[in-house]
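Peer 1: In this note's numbering, the protein residues as written are 91 to 312.
Cβ atoms here follow ideal geometry from the backbone N, Cα and C, with glycine treated the same way.
Source: prediction; values computed, not measured.
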Amino acid sequence: MSDYPRDLIGYGRTPPDPKWPNGAKLALNIVVNYEEGGEASVLHGDPQSVAFLTEHITTAVVGARNLTAESLWEFGSRVGFWRLWRVLSSRKLAVTCFGVTMAMQRNPEAVAAMREAGWEIATHGMRWNISPPADEAGERAEIEATLALHAELCGEPAVGWYNRSSAQTYRLLSDIGGMLYFADNYADELPFWADVAGKAELFVPYTLEANDMRFAVPGGFP
Numbered sequence: 091m092s093d094y095p096r097d098l099i100g101y102g103r104t105p106p107d108p109k110w111p112n113g114a115k116l117a118l119n120i121v122v123n124y125e126e127g128g129e130a131s132v133l134h135g136d137p138q139s140v141a142f143l144t145e146h147i148t149t150a151v152v153g154a155r156n157l158t159a160e161s162l163w164e165f166g167s168r169v170g171f172w173r174l175w176r177v178l179s180s181r182k183l184a185v186t187c188f189g190v191t192m193a194m195q196r197n198p199e200a201v202a203a204m205r206e207a208g209w210e211i212a213t214h215g216m217r218w219n220i221s222p223p224a225d226e227a228g229e230r231a232e233i234e235a236t237l238a239l240h241a242e243l244c245g246e247p248a249v250g251w252y253n254r255s256s257a258q259t260y261r262l263l264s265d266i267g268g269m270l271y272f273a274d275n276y277a278d279e280l281p282f283w284a285d286v287a288g289k290a291e292l293f294v295p296y297t298l299e300a301n302d303m304r305f306a307v308p309g310g311f312p
């Protein structure tokens, strides 16, 4: 079974003591996802507009805009982001933003506010919830374009990755270099190291338990 690619064991019965500072029992990573303007839309060349993650029962119409869904998403960039920014920055909390590159490109003022507050801006891919190209060369080109534009918009390169991943995404990212961690993983409650094409890479797992996803879809999970 040594060639089985999944790790179903992890830390097992003896998880390590991470020794958080000051004897803390938890280390919380506060994440704000910035996605509005990078979702599926006929305006972006997609066959239909997004109907997922809205507070209103709506149906995507092939070949046409869904103005209801669009406006629900626009609330996030126009109002929701700024509410979170004011609450978090006024308390000087450390925050990571998972920023969709196309979305950030459409709202430079939001990016400026994140930088002003000292947030880390990790990459959330070029588009939101769009599967990577099926061919490896196409995916590599998309990753490289995403990272280049992210650095241009944010003034520094991304060191964290959270986006939909294919079987070769981590290998490509490891080969391209520059990432300190990958977050598109749900396998643990603690960060862990994993072998990616012969290199040790750090994974910082994401959670849907403490996530607004629970308020957006029936049952609380996708």
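By the DSSP assignment, the alpha helix (DSSP H) with Gly-228 in it spans what residues?
Peer 2: In the sequence shown, residue 228 corresponds to position 138, counting from 1. Start and end: 226-244.
Peer 1: Buried or exposed: Thr-213, going by 16 or more other Cβ atoms within 10 Å of its Cβ?
Peer 2: Counted from its first residue, the sequence shown places residue 213 at position 123. So Thr-213 counts as buried.
Peer 1: Going by other Cβ atoms of all chains shown within 10 Å of its Cβ, with 16 needed for buried, is Asn-112 buried or exposed?
Peer 2: Residue 112 sits at position 22 when you count from the first residue of the sequence shown. With fewer than 16 Cβ atoms within 10 Å of its Cβ, Asn-112 is classed as exposed.
Peer 1: Please go through the same chain and pick out, in chain order, the residues whose beta-carbon is closer than 7 Å to the beta-carbon of Trp-251, but skip the five residues on each side of it.
Peer 2: On the sequence shown, position 161 is the one that residue 251 refers to. Ala-212, Thr-213, Leu-263, Met-269, Phe-272, Ala-273, Asp-274.
Peer 1: Quick check on this structure: which residue in Asp-265, Tyr-101, Ser-131 has the alpha carbon closest to the alpha carbon of Ala-231?
Peer 2: By one-based count along the sequence shown, residue 231 stands at place 141. The shortest Cα separation from Ala-231 among Asp-265, Tyr-101, Ser-131 belongs to Asp-265.
Peer 1: To the nearest angstrom, report how far apart Leu-178 and Ser-255 are at their CA atoms.
Peer 2: The residue labelled residue 178 in the question sits at position 88 within the sequence shown. The residue labelled residue 255 in the question sits at position 165 within the sequence shown. In a straight line, the C-alpha of Leu-178 is about 29 Å away from that of Ser-255.
Peer 1: Measuring CB to CB, does Phe-165 end up less than 8 Å from Asn-123?
Peer 2: Locating residue 165 in the sequence shown gives position 75, counting from the first residue. Locating residue 123 in the sequence shown gives position 33, counting from the first residue. No, Cβ-Cβ distance for Phe-165 and Asn-123 is not below 8 Å.
Peer 1: Tell me which residues share the same chain as Gly-127 and place their Cβ nearer than 7 Å to its Cβ, disregarding the 5 neighbours each side in the sequence.
Peer 2: By 1-based counting over the sequence shown, the position of residue 127 is 37. Excluding residues within five positions, the ones whose Cβ falls inside 7 Å are Ser-167, Met-192, Ala-193, Arg-196, Asn-197.
Peer 1: Where does Trp-163 sit, in a helix, a strand or coil, going by DSSP?
Peer 2: By one-based count along the sequence shown, residue 163 stands at place 73. Correct three-state label for Trp-163: helix.
Peer 1: Quick check: the Cα distance between Ala-238 and Asp-225, rounded to an integer number of angstroms?
Peer 2: Residue mapping note: residue 238 aligns to position 148 of the sequence shown, counting from 1. Residue mapping note: residue 225 aligns to position 135 of the sequence shown, counting from 1. Answer to the nearest angstrom: the Cα atoms are 20 Å apart.
Peer 1: Do Arg-261 and Val-286 have their CB atoms nearer than 8 Å?
Peer 2: Taking the first residue of the sequence shown as 1, we reach residue 261 at position 171. Taking the first residue of the sequence shown as 1, we reach residue 286 at position 196. Their beta carbons are under 8 Å apart, which means Arg-261 touches Val-286 by this criterion.
Peer 1: Taking the C-alpha atoms as reference points, what is the distance between Leu-133 and Asn-156?
Peer 2: As a working mapping, residue 133 is identified with position 43 in the sequence shown. As a working mapping, residue 156 is identified with position 66 in the sequence shown. When rounded, the distance between both Cα atoms is 10 Å.
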